[in-house]
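First to last, the protein sequences are chains A and B.
Note that the first sequence covers residues 0 to 499 in numbering that gives the first Met the number 0.
Note that the second sequence covers residues 0 to 314 in numbering that gives the first Met the number 0.
Each remark here refers to the structure printed beneath this line.
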Amino acid sequence: MPKSASQFFDEMQLNAVDVRDIYSAYNKWLQNVPYQQLATKRAEAEVLFRRVGITFNVYGEEDGAERLIPFDVIPRLISAKEWAKLSAGAIQRVRALNMFLHDIYHKQEIIHAGVVPASILANSQYRPEMFGVDVPNQIYAHIAGIDLVRTSESQFYVLEDNLRTPSGVSYMLEDRKMMMRLFPELFRKYSIAPVEHYPQVLLNNLRAVAQPGVHDPTVVLLSPGAYNSAYFEHAFIAQQMGIELVEGQDLFVRNNAVYMRTTQGPQRIDVIYRRIDDDYIDPLVFNANSMLGVPGLLSVYRNGGVTLANAVGTGVADDKATYIHVPAMIKFYLGEEPLLENVPTYELSKEDDLQYVLAHLDELVVKEVQGSGGYGMLVGPAASKKEIEEFRLRILSSPSSYIAQPTLALSTCPTLVEKGIAPRHVDLRPFVLSGKTVTLVPGALCRVALKEGSLVVNSSQGGGTKDTWVLEERTEEKLLQGIEATEAITKNTKLVASVC
Amino acid sequence: MLSRTADHLYWMARSIERAENMARVLDVTYNMSLVPNAAESEAGLWLPALEISGNVDAYERDYEEYLAADVIHFLAMDMNNPSSIYSALRSARENARAVRVAMTSETWENINALWLEFGQFIGQDLTKSGLREFCDWVKARSHLFRGVSFGTMLRDDAFNFVRLGTFIERADNTARLLDVKYHLLLPEQEEVGGAVDYYEWSAVLRSVSAFQAYQKIFSDTIVPWRVAELLVLRCDMPRSLHACFDEITTILEQLSGVRSSESKRLAGELHAKLHYGKMNDIFQNGLHEFLSDFIESNNMLGSEIQRTFLNAAVN
């Protein structure tokens, strides 16, 4: 039996009567807004999202069937203090992961030191082609989505690191735009940290990782094209950054350089923000049937003729088999204690863990390593006896291919549903940007499982999104930010002036 | 800019312009059908509409007679007809979606909304009074598209390719319209100025929003050669061939560079004919011959633009 929602930590309700401090003002406001008004706002949002075309494609269906990811009008609130802790933890994690990636493709000291087993080199996501290749600033994961879940007032866990081509940031930006449109009065009342500068920060970082000697780098976003499910996001981010959105067919390789075909002839490209997986990026090296990639791209990349973000081969660092070692990596590379915890994980290659997991299959989540997307996965509490027994046999045939974790009691957040406002489970994906600096904007993609009791937040399975508000205290800190913003504007004006 | 992006923008604009012109043809043909004795038969009335669209063969493959309802369906809604309004708007939206970042969000949202709104007409019987509203809607959305792109887009290459598509398509459509109408009418109409003639030619003028302009400029009976002059040589008439080529040559000038030289030459040659040409000479050598040549040269220019800018080769 799943626990009833009230047994979970709720982002708003402390108990049946009281709300958490951070929500007190919002709750007062919410109490005075009739359900119908919120429902109307939600309908308005849907019309706007459809008009803007913020849809994801469902393969094989007609145009009319482009779907919207449901948007919830009730935001998730996070205090500046909580955020400071989360963001420091995420930054620390990404720094260590980038150091790990550099190390694993160079001296492999972490393996020699015995902190991470050598078996990691046999992982299918480890790309031997990258061995000895130097990438600018030693950054591999320029964009990292760190999935966080919360189980109590003080307990956050990192569920997963996404270091390949993490998506969802367009929802962070569009949900914010929508909330400002629907509820401007709340933005006056609260001091909500802005997220709108994300594309600018990303562009600055991408420009900063061009190969040494490139002065005014040309950055492009490489997308699989309009039929990809995340196409809206690719188009949106490219537009926000003012860079070309290219497809494989637009690019070609000549004399150790990558060019795009333009109406004025070939133009050299320095940095590619690619949203195509490693496997499809260069048919000469990886999947030979790929029509999406650019033949010869990897050879130029290895010779330092172009920068790819994220780098090729980052998948080895976000694999479930590697995840277990991230806290140790942080200690090894940074000499720091991890600020964010991993979900306790049983490694089935260890005899003790294996015995424990086999005895508790009905309460655990068992995942296959070297895979992503929830294919070889068992959710014990939701599985039938038959499924558990079948999975037991699979584990026994190859224990080291699996890890297991307790079923987490994901926190809930008030959400507008058919019958009114009810708690629904949420997670949080902030995006860490590395290049010149390692930073993140104060906001995140917040995914919500709209089905009652469901812990699955994926959009493919009925998940929706919420805006995430990091609430700043009105202090001189804000004043300082105002000054920084002015400086940024002055700088941009100069840039524009020099272009004209 | 990216050749592929330019290609999508160019064809997006051409498709919308095509849909608008198709709606104009449907609209006037339908109006003519309300005038007694305008044409001796349903076929005599509706076949020219098909000829203007240049799709008689495709029609004859799928339909038997030239019935009003069938021709209207074929030109407005038939998914198998690549020149139907349905196909044109669908292609406009698909092209737009592929390069939505290359235009302003207002322009993109406008085209997306156009396609979403178009859904209301699918499955409706357009022959029952709905046709007028439908044609008005298509024209209004096309006006809106030009207004939004003109009013919001940066004056860069992207904007130029959008405009280029609009005017290449418009020049083609105006020339076809005039050719079909002139070709059909003139040999039989010895006496100019009859009632039917007046209706037919005023309908042609209305179909290119030139009726009021005609009255204003000539304030006289509507006669075919003046209609032709207005739609071919007058540079102040926005849908005339001359006006289209004023725009096209200016745009090609702005898309300068060695790559554009052959397109520039072709466009300049056509422009000179329209700019310095005399209506008398054109009539002497045959208007039909002039218009056929024009349509062919305009197509060649289209291919040259395609080759130079849009399918840019590696070298």
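Glycine included, every Cβ here is placed at the ideal spot set by N, Cα and C.
- In this structure the region 450-469 of chain A does not touch the region 233-248 of chain A; the number of beta carbon pairs closer than 8 Å is below three.
- Taken through DSSP and simplified to helix, strand or coil, Ser78 of chain A comes out as strand.
- Judged by beta-carbon spacing, Phe48 of chain A lies within the 8 Å limit of Phe70 of chain A, meaning their Cβ atoms are closer than that value.
- Residue pairing by DSSP places His424 of chain A opposite A:Thr411 in a beta bridge.
- In this structure, Trp107 of chain B lies away from Gly292 of chain A, with their beta-carbon atoms at least 8 Å apart.
- Ranked by Cα distance from Ile323 of chain A, the options A:Ala403, A:Pro183, A:Ile275 are led by A:Ala403.
- Here Val456 of chain A is near Ala448 of chain A, since their CB atoms are less than 8 Å apart.
- The bridge partners DSSP lists for Pro69 of chain A come to none.
- In the DSSP assignment, Gly150 of chain B falls within the alpha helix (DSSP H) that extends over 129-151.
- Taking the C-beta atoms as reference points, Cys234 of chain B is found no nearer than 8 Å to Ala227 of chain B.
- Between the alpha carbons of Ala22 of chain B and Leu96 of chain A lies a distance of about 60 Å.
- Taking the Cα positions, Ile145 of chain A is about 12 Å away from Val168 of chain A.
- When C-alpha distances from Ala170 of chain B are compared across B:Leu230, B:Arg140, B:Arg154, B:Met278, the shortest belongs to B:Leu230.
- Rounded to the nearest angstrom, the Cβ distance from Ser262 of chain B to Glu303 of chain B is 5 Å, consistent with a contact under 8 Å.
- Interface annotation for the region 106-124 of chain B against chain A: Trp107, Glu108, Asn111, Ala112, Trp114, Leu115, Gly118, criterion Cβ-Cβ distance under 8 Å.
- Of the candidates A:Asn341, A:Val208, A:Ala44, the residue whose Cα lies closest to the Cα of Gly304 of chain A is A:Val208.
- In terms of Cα proximity to Ile71 of chain B, the closest of B:Asp56, B:Gly129, B:Ala91, B:Arg17 is B:Gly129.
- Pairwise C-beta distances place the region 74-85 of chain A out of contact with the region 278-296 of chain A, as fewer than three of them are shorter than 8 Å.
- Contact note: Asp156 of chain B reaches chain A through Thr262, using a C-beta cutoff of 7 Å and chain order.
- Contact between the region 168-187 of chain A and the region 357-367 of chain A is not established, with fewer than three Cβ pairs separated by less than 8 Å.
- Sequence-ordered contacts of the region 271-305 of chain A with chain B are nonexistent [C-beta pairs closer than 8 Å].
- Secondary structure at Ile387 of chain A: helix, using DSSP grouped into helix, strand and coil.
- Using a Cβ-Cβ cut-off of 8 Å, Leu244 of chain A counts as an interface residue toward chain B, since at least one Cβ of chain B sits closer than that to its own.
- Contact of Gly434 of chain A with chain B is not assigned, every C-beta pair being separated by 8 Å or more.
- Counting of Cβ neighbours within 10 angstroms places Leu153 of chain B among the exposed residues, the total staying below 16.
- Excluding the 5 residues flanking it on each side, Asn203 of chain A has same chain C-beta neighbours closer than 8 Å at Gly434, Lys435, in chain order.
- In this structure, the CA atom of Pro398 of chain A is about 11 Å from the CA atom of Val365 of chain A.
- Under the three-state reduction of DSSP output, Pro441 of chain A falls in the coil class, being neither helix nor strand.
- Between the region 101-111 of chain A and the region 154-162 of chain A there are fewer than three inter-stretch CB-CB distances shorter than 8 Å, so the stretches are not counted as touching.
- In this structure, the straight-line span from the alpha carbon of Glu471 of chain A to that of Ala24 of chain A is close to 14 Å.
- Lys465 of chain A is bridged by DSSP to A:Asp71, A:Cys445.
- Residue-level contact by beta carbon holds for Gly256 of chain B and chain A, with a gap shorter than 8 Å.
- Nearest C-alpha to Ser228 of chain A among B:Ala97, B:Ala87, B:Arg60, B:Asp124: B:Ala97.
- In this structure Thr4 of chain B touches Ala101 of chain B by the C-beta definition: roughly 5 Å separates them, less than 8 Å.
- Contact annotation, Arg92 of chain B with Leu74 of chain B: C-beta distance approximately 19 Å; criterion of less than 8 Å not satisfied.
- Cβ-Cβ distances below 6 Å link Leu254 of chain B to Asn159 in the same chain, with the five nearest sequence neighbours on each side left out; the list follows chain order.
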